[in-house]
Amino acid sequence: MPETVNELDRRLTARGAATRARIVAAADELMSLKGAAATTLDEVTAASGTSKSQFYRHFSDKSALVQAVIALRGGRVLEREEQYLRRVDSLSGLDRWCRAILQRVTARRGALGCELGSLSTELSDQDEAARVDLDAHLTSWISLLTAALERMKSNGTLAEDADPQTLATGIMAALQGGYVLAQAARDPGPMHIALDLAMDSVRAHAKSANDK
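Positions 910 to 1121 (the numbering used here) are the ones given, in order, by the sequence shown.
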């Protein structure tokens, strides 16, 4: 029985979506290694096994591709972080989250930095659309940390004077700085120090003296 028009449309749509995903995945990998500016469209099409005509069927220009990479990374990072942070409601839980990050940085000897932070450093002063998207993803990440700290305040782990939003922003600032220094040094040591100081800032607001 021949395909109906709707069946053909669905098959072509699925094929197009797969092609687009392949292009974005290739660009993501190349930009991790070379940065967004140094990654060329020729390299992306070669790595994804696509043609320029296929590329322009899905993206108007390189900036549109960069935004797609940001969306891919943002979704990946936030999904991973939500899996960790949604269960955090204690200082020990927050410390385990820190150790998980340190383990990933150690495994790479500091290379590549943060998936979102590295793009923010490169693009925020050059590409306003990219800056806005990156800020939104980083703000969402801070919100996950804030929610964890709010749970700790609600259950009495943190004192009433603790400000979860401020503490979460401080943790993110320490984390991003740790990524940058560890990447430059090819050494996880700076991240270790940054996360220890971030934890100290949270412990300073612990209600129990035993947790300080």
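Just so you know, even glycine gets a beta-carbon here, dropped at the ideal spot from N, CA and C. None of these values were measured; they are calculated from a predicted model.
Thinking residue i and residue j are a contact (beta carbons under 8 Å), I'd like their distance in whole angstroms, please.
i, j, result
"L1032", "A1039", "4 Å"
"T1066", "L994", "Actually they are not in contact, since the Cβ atoms of T1066 and L994 sit about 15 Å apart, beyond 8 Å."
Checking 8 Å against the spacing of the C-beta atoms, do residue i and residue j come in under that value?
i, j, result
"G1022", "Q963", "no"
"L1025", "V986", "yes"
"A1077", "I1051", "yes"
"T959", "T928", "yes"
"H1114", "D1042", "no"
"L1003", "M1108", "yes"
"A945", "V975", "yes"
"A1094", "G984", "no"
Just the Cα atoms here: how many angstroms apart are residue i and residue j?
i, j, result
"Q1160", "A1068", "Lying before the first or after the last residue shown, residue 1160 is absent from the chain, which here runs from 910 to 1121."
"A947", "K971", "12 Å"
"V978", "S957", "14 Å"
"G925", "S1063", "48 Å"
"A923", "D1096", "43 Å"
"E912", "H967", "Residue placement at E912 cannot be trusted, given a pLDDT of 42 that sits under 50; what the coordinates show is reported in the next sentence. Cα to Cα, E912 sits roughly 25 Å from H967."
"A936", "G1098", "30 Å"
"A1083", "D1036", "25 Å"
"T1075", "L939", "35 Å"
"A1103", "A973", "34 Å"
"Y965", "Q992", "35 Å"
"A1056", "P1073", "8 Å"
"D1045", "A980", "According to the sequence as given, residue 1045 is Ala; it is not Asp. Taking the straight line from one Cα to the other gives about 10 Å."
"M910", "L950", "The predicted position of M910 is uncertain, since its pLDDT is 42 and thus under 50; a value taken from the coordinates is nonetheless stated next. Whole-angstrom Cα-Cα distance: 41 Å."
"S1117", "D1034", "44 Å"
"E1059", "K943", "38 Å"
"S969", "S1049", "27 Å"
"E952", "Q1012", "31 Å"
"G1079", "A930", "35 Å"
Thinking just about the alpha-carbon of each residue, which of the options is nearest to the one in residue i?
i, options, result
"E990", "L1106, L981, L1028, I1010", "I1010"
"V1111", "C1007, E938, S1049", "C1007"
"S941", "S1001, R982, L994, E1059", "R982"
"T1030", "R1013, Q1012, Y1088", "Y1088"
"M1100", "E988, L950, V1014", "V1014"
"L1090", "S1027, K961, L1058, L1053", "S1027"
"K961", "L1053, I932, R1005", "I932"
"D1105", "R1005, P1073, T1055, A1057", "R1005"
"L1053", "E988, D1034, Q1012, S1117", "E988"
If we require 4 or more residues per run, which alpha helix (DSSP H) segments fall completely within the region 1002-1077? 1024-1032, 1037-1063
Runs of beta strand (DSSP E) lying entirely within the region 960-1009, each at least 3 residues, in chain order: none
Whole runs of the alpha helix (DSSP H) within the region 933-962, excluding any shorter than 4 residues: 950-957
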